[in-house]
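Okay, so here's the structure we're looking at.
Written out as C-alpha cells, the structure is:
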C-alpha cells in the first residue's frame, strides 16, 4: 500500500502544518523575523505576511468560535443550511440579502448572460487537448474581459455588471471546454433550475431525478461554504491587482493564477485521489499509518488560519454522509472517517473544508480535474466583491522587502574583474 505521493498534483489549499511545505523557503539566519515595529521604529516584518492585518474588509469575518465564519455578519451555518448560492452571491456583491423580487431580478440577469461571446467559443475550439482546465479558465476570463460590454468602464455599477456576467459565464466556459476536450455534446443550462442544479448538469449530465436533486442540494452547500474566506492568497492577489486601478477581469485573472499554485488550489482533488488510492475501508488505517510513518502529507487537514478546526468542515461532513446514504454508496465516507479519526489521534489535526467535500464530489462524479474550477464558480462571488471593495476604498498596496543581499560593493570595471 503506497501512500499518496508528496506533494500530490495541484497541492493543497491552506492545509499546511507548522513547517513550511515544499516550495516555501525557510527563513535564513540573516532574515529578520520581526512582527511589529523593530527597535529603530522601522516597518513591521512577518514572513509570508503571517499574522499581518493587511487591510479592512466588511465581507468576511473568520471566527474560530462556534460561528466559524460570517459573510457580512451572517453565520456560515445559517447560510449553508437555509440559503441558496444565488442569495449568498447577491449578499457578497450587493451588501444585503435579497428580497424575493431582488433575487428574481438577479437570477434573470444571470440567465441573460449565459451565452458566451463568439470569440470565447472559438478559443475553446482551438485549446490543445493537453491544456489544464485552470489555464483554460485563466485565458478565457482574460478574453471575456476584452469582449465585455463594460470593458472600458470601471465605476462601481460597471464592476457589478461585470461580476454578474462572470458569475454566469464561468460555469459555461468550464463545462464547454471540458465537454469539447472529451468529445461530449454541449448542453445548455435551464432557466427552471438553480445555479447548483445547472452546474451539476453541465458537469455531469445529472438532472431531474431525486438523486440528482440531493446532489444539487449538497453542491449548493459547498458553493456557499467556498464563496469567501477573507485575505487568502488568490483574494489578496486580486486586491493587489485592483489597487493599481486595473480592470475587474485583470484582477480576477490574477486570482486564478494564484489559485493554480500547488500550495493553495486543488486540495479536494488531492483528497479524492487519496481516497481512490486507499480504495476500501479495510485498507484505510494501514494506509494512513504508513503515510505518517514515512512522513508523507495526508491531504485535507489543518489550515493556515483556523488552528482549532474548521466549522465549514463539520457542515459539509453532515451533508456528505447524508448524500452517501442517499446514493447507497458509503465507501468514500467510511474511508474518510477512518482517516479523520487517525489524523486527530496521531497528529492533532482537524479536517478542513476540502476533506469531506471530496467525498461529496466523488459521489456526484464531477471530473476531478474540474474540482478547482468548480471552486472558482463559487469563489468568483467573493473575489469580485473584494475587488469592488478595494476600488471603493482604494490605496495602492505596496509593502516593503527586508533586504538580505550583499553589503555595499565597490564597482569593478569589466577589464579588472577576475
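Residue numbers (the working numbering): 88 to 505.
Ideal Cβ positions, reconstructed from N, Cα and C, are used throughout, including at glycine.
Thinking residue i and residue j are a contact (beta carbons under 8 Å), I'd like their distance in whole angstroms, please.
i	j	result
residue 200	residue 231	The pair is not a contact, with the Cβ atoms about 10 Å apart (cut-off 8 Å).
residue 267	residue 211	6 Å
residue 375	residue 385	6 Å
residue 330	residue 482	7 Å
residue 327	residue 253	Not quite, the Cβ-Cβ distance comes to about 19 Å (not below 8 Å), so this is no contact.
residue 354	residue 396	About 16 Å; that fails the 8 Å criterion.
residue 471	residue 335	7 Å
residue 301	residue 474	About 34 Å; that fails the 8 Å criterion.
residue 159	residue 178	6 Å
residue 193	residue 204	That pair is no contact at about 22 Å.
residue 356	residue 459	6 Å
residue 413	residue 273	Wrong, their Cβ atoms sit about 29 Å apart, outside the cutoff.
Please classify residue i as buried or exposed, where buried requires at least 16 other C-beta atoms within 10 Å of its C-beta.
i	result
residue 227	buried
residue 174	buried
residue 271	exposed
residue 477	buried
residue 221	buried
residue 341	buried
residue 389	buried
residue 455	buried
residue 506	Nothing can be reported for residue 506: it is not among the residues displayed for the chain, which extend from 88 to 505.
residue 345	buried
residue 206	exposed
residue 140	exposed
residue 435	exposed
residue 445	buried
residue 400	buried
residue 233	exposed
residue 213	exposed
residue 468	buried
residue 219	exposed
residue 138	exposed
residue 215	exposed
residue 105	Its pLDDT being 34, under 50, residue 105 is placed unreliably by the model, and the measurement read from it follows with that caveat. Counting Cβ neighbours within 10 Å, residue 105 comes out exposed, since fewer than 16 surround it.
residue 549	Residue 549 lies beyond the stretch modelled for the chain, which goes from 88 to 505, so this question has no answer here.
Tell me the residue span of the beta strand (DSSP E) that contains residue i.
i	result
residue 293	Counting along the chain, residue 293 falls outside any beta strand (DSSP E), and DSSP gives it neither H nor E.
residue 157	156-158
residue 207	Careful: residue 207 lies outside any beta strand (DSSP E), inside the alpha helix (DSSP H) at 205-212.
residue 148	147-149
So what's residue i in DSSP terms, helix, strand or just coil?
i	result
residue 318	coil
residue 161	strand
residue 175	helix
residue 216	coil
residue 438	strand
residue 496	coil
Terminal residues of the continuous alpha helix (DSSP H) containing residue i?
i	result
residue 460	458-479
residue 431	418-434
residue 258	243-268
residue 304	297-313
residue 408	398-414
residue 337	335-347
residue 370	368-380
residue 358	354-365
residue 197	187-199
Name the residue from the options whose alpha carbon lies nearest to the alpha carbon of residue i.
i	options	result
residue 440	171, 139, 167	167
residue 462	329, 307, 485, 368	307
residue 281	244, 197, 380, 347	197
residue 146	254, 291, 176	176
residue 311	373, 244, 403, 247	403
residue 309	236, 447, 294	447
residue 262	269, 290, 278, 159	290
residue 333	457, 229, 143, 216	229
residue 172	204, 305, 293, 218	305
residue 320	505, 349, 225	349
residue 432	405, 420, 372, 203	372
residue 134	488, 162, 492, 495	488
residue 449	163, 287, 499	287
residue 283	503, 485, 453	453
residue 443	429, 424, 460	424
Could you check whether the Cβ of residue i sits closer than 7 Å to any heavy atom belonging to the ligand SAM?
i	result
residue 395	This structure lacks the ligand SAM, and indeed carries no ligand of any kind.
So is residue i in contact with chain B if we call contact Cβ pairs under 8 Å?
i	result
residue 457	Checking the listed chains, one finds no chain B in this structure; it contains a single protein chain.
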